[in-house]
Structure formats: C-alpha cells, structure tokens
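Colleague: Sequential numbering of the sequence shown, starting at 1, is according to UniProt numbering.
No residue lacks a Cβ here, since even glycine has one placed at the ideal position from N, Cα and C.
Computed from a prediction, not measured in an experiment: that's the story for all the values here.
Starting off with a structure, shown below.
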Amino acid sequence: MGKTKELSKDIRDKIVDLHKAGMGYKTINKQLGEKETTVGAIIRKWKKHKMTINRPRSGAPRKISPRGVSMIMRKVRDQPRTTRWDHSWDHSHQENHWTLVTRSRRPCSRSPRGAKTRPSEPEPESEDGWHDMADEDEEPHQFPFCPRRTAEVQLDLQQDYSPLDLFRLFFSTEVLKLLCDNTNGNAARKHAQGLHTPWSDVDAEDMLKYLSIVLYLGLAPRPRCRRW
C-alpha cells in the first residue's frame, strides 16, 4: 500500500478552525472532502499538543557505534573504490573481533593447568546435625496433660461399645431433657409473640427421632430435600 499524500498546513489549520466553530467530524468531512478519520486525527493532535504540524520523530536507534562510523570513514578515505558489501562485511568482522578480544581479556577464575589446588577442609559438624544408627535414642520429655475442667465423656477400655452406646455417651438423658426444654420454651415464646402455627411439646423420644433423621441426611446426601 502506497503512502498517502500529506495534508498541507493550511488545510490542517482550516480543519481546526472549523472544529472551533462548532462543526463535527462529518460536517468537516463533507465541506473539505477529507476522510473523517483524518479529520479526527488532526483534531486530536491539536487538542493534545496545541499544534497541527508533524512533530519530529526520534527515529530508530543507530546500529553502528561511533567507533564503527570513524572506521568506515577512514577506510573510504583510504580506499575510495570500496563497495557497500565490503563495508558491511569488514564492520561485522571488526565488531566480532573486538568482542572476542574483550572477552579474552577478562580474568579467568580457573586455576592454571598443572597447578595443584588445595583441597577444601570439611566443615565441622554441629551438635544438632544428623545422627546415625550408632547413636542411642533419647526419649523425649512427656508433658503432663492437665485440663482445666474434667472431661465429660470417659471410655472404659475393658468394655465393648455399640454405636448406640457411644451415641448415648454424648446425648445422655440430661442432654436430651435440656434440648427438649429449650425447644418447647422457644415455641412458647413464639406463640406469645403472635405465631399461630400449631405446636405440641416434644419429649426425649421425639428428639431422638429428629436427631436420627439429621444423621441420616448427613450420611446419604441428596441434591434436593424432595429426593429423600
């Protein structure tokens, strides 16, 4: 695609003047016959930089160092018949030669050939280092277990417990009575506040049935309540 013709400064200034007069991009496009994108780009440049002329570009970075430029100028002066290919070939080889010389002048960390290196002394092992099978095992200190309160559930290791026996250790008769009293009391308070849902007090048997349903729902989960 060829390069488009650059607009003159007069046309750019005229576009900015029409924009200042309140005209839009399409109106300026119809009046001057320029593309709407071109009109928008000129107006945006004027809003940002307050100028319509093209700003000077920085350009691409130089690929040849000042030393390479002086070398080429010297060779052209000494050999006027030198071609462009000769310049590029000599310059690349000169830069590579300079890189190799610079790298060869770096100090080498290796010892010279034939020189004897002093073996490094082993570091002394610390007291808390690794042990082998010859070391005797030391029994760690046993900290006493002293809870602040007495544990509620105690198992007799000489007795065999069924799942129901283990369940009754946590939900004893006193715990079930406490759950029933709190449930019935909450229902009485709700009825006193105006709740007219029918209610009958629950006992320990009803509470056990409810807990068994909750445990079953946890053991056999379903995505919806209607699936049970």
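With 16 as the cutoff for other CB atoms within 10 Å, does V39 come out buried or exposed?
Modeller: Position 39 of the sequence shown, counted from the start, is the residue given in the question as residue 39. The residue in question, V39, is buried, as its Cβ has 16 or more Cβ neighbours within 10 Å.
Colleague: So, at 6 Å on beta carbons, what are the nonlocal neighbours of L7 in its own chain, with the 5 sequence-adjacent residues on each side left out?
Modeller: As a first step, residue 7 is located in the sequence shown; it is residue number 7 there, counting from the start. Result list for L7: empty, nothing under 6 Å.
Colleague: Using CA coordinates, which residue listed in H19, K20, L179 is at the minimum distance from E205?
Modeller: Residue numbering aside, residue 205 sits at position 205 when the sequence shown is read from its first letter. When each option's Cα is compared against that of E205, the closest is L179.
Colleague: Give every residue of the same chain whose Cβ lies closer than 8 Å to the Cβ of N29, excluding the five residues on either side of it in the sequence, and list them in chain order.
Modeller: Start at 1 with the first residue of the sequence shown, and residue 29 comes out as number 29. If we look at N29 and ignore the five residues flanking it on each side, its Cβ neighbours are K35, E36, V39.
Colleague: On the criterion of 16 or more Cβ atoms from any shown chain inside 10 Å, does V16 qualify as buried, or is it exposed?
Modeller: By 1-based counting over the sequence shown, the position of residue 16 is 16. V16 is buried by the Cβ-count criterion.
Colleague: Please confirm whether H19 and I53 have their CB atoms less than 8 Å apart.
Modeller: Within the sequence shown, the letter at position 19 stands for residue 19. Within the sequence shown, the letter at position 53 stands for residue 53. No, the pair does not count as a contact, with Cβ atoms beyond the cut-off.
Colleague: To the nearest angstrom, how far is the alpha carbon of T197 from that of S172?
Modeller: What you label residue 197 is simply residue 197 of the sequence shown in a count that begins at 1. What you label residue 172 is simply residue 172 of the sequence shown in a count that begins at 1. In a straight line, the C-alpha of T197 is about 30 Å away from that of S172.
Colleague: Using the Cα positions of R189 and D181, report the straight-line distance between them to the nearest angstrom.
Modeller: Mapped onto the sequence shown, residue 189 falls at position 189. Mapped onto the sequence shown, residue 181 falls at position 181. Cα to Cα, R189 sits roughly 12 Å from D181.
Colleague: Just the C-alpha distance for L217 and F145, rounded to the nearest angstrom, thanks.
Modeller: Stepping through the sequence shown from its first residue, residue 217 is reached at position 217. Stepping through the sequence shown from its first residue, residue 145 is reached at position 145. Their backbone Cα atoms lie some 37 Å apart in a straight line.
Colleague: Taking only three categories from DSSP, how would you classify T38?
Modeller: What you label residue 38 is simply residue 38 of the sequence shown in a count that begins at 1. DSSP places T38 in helix when its eight states are reduced to three.
Colleague: By alpha-carbon positions, which one of L157, Q193, W130, M207 ends up nearest to V175?
Modeller: For this step, residue 175 is matched to residue 175 along the sequence shown. Looking at the Cα atoms, M207 is the closest of the given residues.
Colleague: Can you tell me the Cβ-Cβ gap for D201 and N184, rounded? I've got them flagged as a contact below 8 Å.
Modeller: As a working mapping, residue 201 is identified with position 201 in the sequence shown. As a working mapping, residue 184 is identified with position 184 in the sequence shown. At roughly 5 Å, the Cβ-Cβ gap stays under 8 Å, so D201 and N184 are in contact.
Colleague: Runs of 3 residues minimum, wholly inside the region 149–207: which ones carry the beta strand (DSSP E) assignment?
Modeller: Taking only runs of at least 3 residues, no beta strand (DSSP E) segment lies wholly in the region 149–207.
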